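Below is one structure; the comments refer to it alone.
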Amino acid sequence: MSGHRLVLPVVLSATFVQLLNVTVAQVAAPSIQAGLDASSGAVQLVLAGYTLTYACLLIPAARLGDRYGYRRLFVAGTVVFTAGSVAGACAPDTASLIAARLVQGAGSGLVAPQVLSLIRAATPATRRPRALGSVVKVLVTATR
Numbered sequence: 000m001s002g003h004r005l006v007l008p009v010v011l012s013a014t015f016v017q018l019l020n021v022t023v024a025q026v027a028a029p030s031i032q033a034g035l036d037a038s039s040g041a042v043q044l045v046l047a048g049y050t051l052t053y054a055c056l057l058i059p060a061a062r063l064g065d066r067y068g069y070r071r072l073f074v075a076g077t078v079v080f081t082a083g084s085v086a087g088a089c090a091p092d093t094a095s096l097i098a099a100r101l102v103q104g105a106g107s108g109l110v111a112p113q114v115l116s117l118i119r120a121a122t123p124a125t126r127r128p129r130a131l132g133s134v135v136k137v138l139v140t141a142t143r
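See the structure below:
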């Protein structure tokens with residue numbers, strides 16, 4: 000795999016951004032509710048919609064990565080996640096924000112299974128435990 004030295008920083012950055020996105024939305028929930036005049040149920044959909052689509056796509060995305068290539072799915076998921084982020088930032092109302100969060104979750108669900116596969120494919124066996132430990136550090140740091 001060419002550019003194998005960049006694989007770890009790229010996939011760790013993507014993992015961090017995806018997890019940070021969940022935390023930011025939770026912190027911003029009161030502002031979202033006030034700014035969009037959203038009901039508490041709508042705000043819960045904003046928060047849970049991301050997680051729902053993320054979780055529903057993990058297994059199918061892993062299989063798609065096996066079939067079509069981890070890098071291809073990682074890039075596609077990143078594009079979908081970014082599009083959802085832009086749509087969410089520009090959302091004029093609650094329904095648009097909920098839809099954008101569903102798209103973000105879908106992108107995140109496409110990316111997440113590819114991370115470990117890309118690390119496994121790009122990292123020599125002797126350095127793999129340390130690389131996988133970095134993933135754990137990112138997960139712990141992002142969820143604090």
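According to numbering that gives the first Met the number 0, the stretch in the sequence shown is residues 0 to 143, in order. All residues carry an ideal CB built from backbone N, CA and C; glycine is no exception. Please read these numbers as outputs of a predicted model, since none were measured by experiment.
Pair within 8 Å by beta-carbon distance, residue i and residue j
i	j	result
residue 86	residue 99	yes
residue 64	residue 112	yes
residue 67	residue 107	no
residue 137	residue 15	yes
residue 56	residue 109	yes
residue 28	residue 51	no
Inter-residue Cα distance where the pair is residue i and residue j
i	j	result
residue 9	residue 79	16 Å
residue 49	residue 131	25 Å
residue 135	residue 4	19 Å
residue 12	residue 101	21 Å
residue 44	residue 97	6 Å
residue 22	residue 75	23 Å
residue 129	residue 60	25 Å
residue 122	residue 90	40 Å
residue 145	residue 126	Since the displayed the chain opens at 0 and closes at 143, residue 145 lies outside it and no answer follows.
residue 162	residue 71	In the structure as shown, the chain starts at 0 and stops at 143, and residue 162 therefore has no counterpart that could be examined.
residue 1	residue 83	Residue confidence for residue 1 is low, a pLDDT of 48 falling below 50, so the modelled location carries little weight and cannot support an answer.
residue 104	residue 133	23 Å
residue 124	residue 69	18 Å
residue 40	residue 114	33 Å
residue 32	residue 17	22 Å
Simplified DSSP assignment, three categories, for residue i
i	result
residue 89	coil
residue 126	coil
residue 36	coil
residue 68	coil
residue 1	Interpretation of residue 1 is limited by its pLDDT of 48, a score under 50 that renders its predicted location unreliable; no figure is taken from the coordinates.
residue 11	helix
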